[in-house]
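Just so we're aligned, residue 22 is where the sequence shown starts under this note's numbering, counting upward by one.
One structure below.
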Amino acid sequence: MISPAVKQCAEHCLGAGERCMVIDLHTCSGMDSTFMGMLAGLAMRLTKQAGGGRLEIAGASEKNVSSLEDLGLDAFMEINPATASWSTRMDEIRGQLAPWNAAAIPPRERSREVLEAHKTLSAANEENAQKFETVVTLLEKELGTQSS
Numbered sequence: 022m023i024s025p026a027v028k029q030c031a032e033h034c035l036g037a038g039e040r041c042m043v044i045d046l047h048t049c050s051g052m053d054s055t056f057m058g059m060l061a062g063l064a065m066r067l068t069k070q071a072g073g074g075r076l077e078i079a080g081a082s083e084k085n086v087s088s089l090e091d092l093g094l095d096a097f098m099e100i101n102p103a104t105a106s107w108s109t110r111m112d113e114i115r116g117q118l119a120p121w122n123a124a125a126i127p128p129r130e131r132s133r134e135v136l137e138a139h140k141t142l143s144a145a146n147e148e149n150a151q152k153f154e155t156v157v158t159l160l161e162k163e164l165g166t167q168s169s
């Protein structure tokens, strides 16, 4: 549900030249594969930027850390970095945040984003490719974008 808004906000930040993004999972009770695929795609885009970039995950619970690590995504992002410049000011920063006004996404575009997220996870490692093979195949068939 929140993945499109996070992605839109991240796209805006990337367009403004940001090279380090922090995603706060403090109130996140769990993540699905689409959200984790979106995070992985964002992390990969940031690291490919000229001069390098990075994605930092703040406030991740043990469950969320485990989910990210199970898919090997800790190789692409820093999870709960103890020495991050923002780590001692989390309450202050959270108090200053405002909701992102995300544009509505049509159902077909949402399906494309779900497909993209799962392809990103699949590209991360062979184990993920096997886990998400059926999801990717079904979404490609649904969207009529099946690879030859």
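Glycine included, each C-beta is placed from N, C-alpha and C at the ideal position.
None of these values were measured; they are calculated from a predicted model.
query, result
"Within 10 angstroms of its Cβ, does K140 collect 16 or more other Cβ (buried), or is it exposed?", "buried"
"Can you check whether the CB of G62 is closer than 9 Å to the CB of I138?", "One point to set straight first is that residue 138 is Ala, not Ile, in the sequence displayed. Contact flag set, yes."
"So Q172 and A123 are supposed to be a Cβ contact under 8 Å. How far apart are they, rounded?", "The chain is shown only over 22 to 169; residue 172 falls outside these bounds and no answer can be derived."
"Quickly, what does DSSP pair D45 with across the bridge? List them, please.", "A79"
"Taking DSSP as the reference, what is the three-state secondary structure of I114?", "helix"
"Assuming L164 and S132 are in contact, meaning their beta carbons sit under 8 Å apart, how far apart are those beta carbons, in whole angstroms?", "6 Å"
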